[in-house]
Structures are given as C-alpha cells and as structure tokens.
Amino acid sequence: MSRSSRRRKCCSDPYIFCYICACFTLSPQRRNIAHFVESVYLAYFKVPLGDQNKKWAPYIVCTTCLETLRSLSQGKNAKLKFGVPMILREPTNPLDDCYFCLVNDKGFNKKNKRYMTYPSIYSEIRPVPHSDEIAVPVFTKLADIDDEVNYTPLGSLFSQPELNDLIRDLNLPKQSAELLTS
Numbered sequence: 460m461s462r463s464s465r466r467r468k469c470c471s472d473p474y475i476f477c478y479i480c481a482c483f484t485l486s487p488q489r490r491n492i493a494h495f496v497e498s499v500y501l502a503y504f505k506v507p508l509g510d511q512n513k514k515w516a517p518y519i520v521c522t523t524c525l526e527t528l529r530s531l532s533q534g535k536n537a538k539l540k541f542g543v544p545m546i547l548r549e550p551t552n553p554l555d556d557c558y559f560c561l562v563n564d565k566g567f568n569k570k571n572k573r574y575m576t577y578p579s580i581y582s583e584i585r586p587v588p589h590s591d592e593i594a595v596p597v598f599t600k601l602a603d604i605d606d607e608v609n610y611t612p613l614g615s616l617f618s619q620p621e622l623n624d625l626i627r628d629l630n631l632p633k634q635s636a637e638l639l640t641s
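Quick note: the sequence shown uses this note's numbering, first residue 460, plus one each step.
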C-alpha cells in the first residue's frame, strides 16, 4: 500500500457506489463483483475490470448495471446508458481529489437519490454517454474455458510498492521475501 493511501481516509464509504456507473447505490441494490461481472465487463467494454485490490476502489455493482450485463451475456438486445464506464484513479488528497469524499450522500434515499450531484475531478472520469463519437459497444462472446486459463484478474496482483510494503510490514528476511514473490 502506498504511503498516500495509508495516510488518506475517505469521508464516505466507497462501497456505496457502483464501480461501473459510479452512482450512489442503496444497500438492497448492491452486489459484489463476481467473476461473471469481470468476464462480461471485459466482453462489453474490451478492457479488464481493474483496481479491485485497492481500498479506495469500490468492489460492488448496482443491480441496474448487473442486470444489463446479464442480459447482454444472454444475447438480449440491451445496453448500458454509457459507452465508457467510470474510470477511477487513486486520489491524492481526500479534501479535493477524492470522488467519494466529495459526494454528499447524507439524507438520500430511494425517492430522492436521483437528485444527487456528482463531482468532476482529476481522480475520476465519469461515465461517458453514447454519442456520435462514443458508439454503443458491441458485446463479444464470453471467454471460453481455454481463454480463462490465460486471463488473470488484475485484482490478484500486487504492484511493486505494495509488495515492498507487505514484505516490510511482515518483517520478512530476504529468503522469505523471495519465496513470497515467486
């Protein structure tokens, strides 16, 4: 874990926002991201679902995004409202660069959540709606079993700084650290 993310503490819980559409999601509509979601996301947007091992990134999806992805996987004529999903970057300062801290989620419920306002900041790019420039993505088939052998979810990998921090936190000698990384 980098030093900035250890010092930083979100004012809002990132797990109340959908990873795909970035909208505030009430608890009955929250679903954990499963391998199915990762596979369909990759088949629809042509990019893997990332940052699932980061504490600052939500690992839930709303039922709207989940059911749309499920319909796509079943060959139904469905589409999300946007051609580019939410893109998150690690925030550097919770006061002015953290998407989740800048969204006021207090007092919102099922009836009034559509009136929430969402910030536009450096650490995130909001979903981009379909337009002449952003076409509706074409859903390709889900990966076959053979394809899954070559697929490694990004959430299972450590970056070098995170690995260094883990080794340091565990006080591992050099030989044990090499064994851990192999």
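The beta carbon of each residue, even a glycine, is placed where N, CA and C say it ideally should be. Source: prediction; values computed, not measured.
So what's residue i in DSSP terms, helix, strand or just coil?
| i | result |
| --- | --- |
| Arg627 | helix |
| Pro620 | helix |
| Cys482 | coil |
| Val520 | strand |
| Val499 | helix |
| Ile546 | strand |
| Cys477 | coil |
| Asp603 | Because Asp603 sits at a pLDDT of 49, beneath the cut-off of 50, its placement in the model cannot be relied upon, and the point is left open. |
| Phe598 | coil |
| Ser530 | helix |
| Arg466 | The pLDDT assigned to Arg466 is 43, lower than 50, so where the model puts this residue is not dependable; a value taken from the coordinates is nonetheless given after this. The answer is helix: DSSP assigns Arg466 an H, G or I state. |
| Tyr577 | coil |
| Thr640 | helix |
| Cys447 | Since the displayed the chain opens at 460 and closes at 641, residue 447 lies outside it and no answer follows. |
| Asn471 | Reading the sequence as shown, one finds Ser at residue 471 and not Asn. Coil, per DSSP. |
| Leu508 | coil |
| Lys514 | coil |
| Leu525 | helix |
| Lys572 | helix |
| Lys633 | helix |
Anyone know if the C-beta pair for residue i and residue j falls short of 8 Å?
| i | j | result |
| --- | --- | --- |
| Phe541 | Phe483 | no |
| Ile580 | Asp556 | yes |
| Phe559 | Pro620 | no |
| Val499 | Val520 | no |
| Tyr577 | Ala481 | yes |
| Pro485 | Lys569 | For the record, residue 485 in the displayed sequence is Leu; it is not Pro. Cβ atoms of Leu485 and Lys569: closer than 8 Å. |
| Leu508 | Phe598 | no |
| Arg573 | Thr522 | no |
Quick one, which of the options has its alpha-carbon nearest residue i's?
| i | options | result |
| --- | --- | --- |
| Glu526 | Glu592, Gln488 and Leu631 | Gln488 |
| Pro588 | Tyr558, Leu539, Asp624 and Tyr581 | Leu539 |
| Ile492 | Ala481, Phe504 and Pro517 | Pro517 |
| Lys535 | Ser471, Lys600 and Ile519 | Lys600 |
| Ile479 | Ile546, Ser530, Ala537 and Cys470 | Ile546 |
| Pro550 | Ser582, Lys565, Leu531 and Lys572 | Ser582 |
| Lys514 | Leu554, Tyr500, Lys565 and Arg548 | Arg548 |
| Ala594 | Ser486, His494, Phe504 and Arg490 | Phe504 |
| Pro586 | Asn512, Gln533, Cys524 and Ile475 | Cys524 |
| Leu528 | Leu561, Phe476, His494 and Asn512 | His494 |
Here's the rule I'm using: 16 or more other beta-carbon atoms within 10 Å means buried, otherwise exposed. How should residue i be labelled?
| i | result |
| --- | --- |
| Glu637 | exposed |
| Cys470 | exposed |
| Glu592 | exposed |
| Glu607 | Because Glu607 carries a pLDDT of 43, less than 50, the predicted location of this residue cannot be relied on, and the following value inherits that uncertainty. Result: exposed. |
| Leu639 | exposed |
| Leu629 | exposed |
Give me the DSSP bridge partner(s) of residue i.
| i | result |
| --- | --- |
| Ile584 | Ile546 |
| Asn491 | Ile519 |
| Phe541 | Pro588 |
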